[in-house]
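*Asks:* The structure's right below; bear with me while I get my questions together.
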Amino acid sequence: MKERITHAISILNSLAMGDLERIRQHLQEVGASLAAGGEAELAEMLSEAENALGRGDAPLFRKRVQHVVSRLGHLR
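Numbering (numbering that gives the first Met the number 0), first residue to last: 0 to 75.
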């Protein structure tokens, strides 16, 4: 579990760069992993981040991603 959380944090922290489709893929990948690991609330936050990205709401996107990273840090 610790390795999965560390991997998720690593991916989420690298989202500042890249094309939008790649960022969406990473959000979906981590969201699916979190949902499978019983963290549905965090997966939902990543879904909200993805929606914010689609609307061009960068501040909300960043806020949601950073909140998930923070919560994952506490789970380690």
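Glycine included, every Cβ here is placed at the ideal spot set by N, Cα and C. Owing to the predicted nature of the structure, the values given are computational and were not obtained by experimental measurement.
1. Measure the CB-CB distance between residue 10 and residue 29 and report whether it falls below 8 Å.
2. By Cβ distance, which residues of its chain are closer than 6 Å to residue 47, with the 5 residues on each side in sequence left out?
3. Grab me the residues of residue 60's own chain with a C-beta within less than 7 Å of its C-beta, minus the 5 sequence neighbours each way, in chain order.
4. Count the other CB atoms, across all protein chains shown, that sit within 10 Å of the CB of residue 38; report buried if there are 16 or more and exposed otherwise.
5. Taking just the CA atoms, how far does residue 55 sit from residue 14?
*Replies:* According to the structure shown:
1. Start at 1 with the first residue of the sequence shown, and residue 10 comes out as number 11. Start at 1 with the first residue of the sequence shown, and residue 29 comes out as number 30. Yes.
2. The sequence position of residue 47 within the sequence shown is 48, counting from 1. Hits under 6 Å: 63.
3. For the purposes of this step, residue 60 is taken as residue 61 along the sequence shown, with counting starting at 1. Only 48, 51, 52 meet the Cβ criterion.
4. Taking the first residue of the sequence shown as 1, we reach residue 38 at position 39. Answer is buried; the Cβ neighbour count reaches 16.
5. For the purposes of this step, residue 14 is taken as the residue at position 15 of the sequence shown. For the purposes of this step, residue 55 is taken as the residue at position 56 of the sequence shown. Their Cα atoms are separated by approximately 15 Å.
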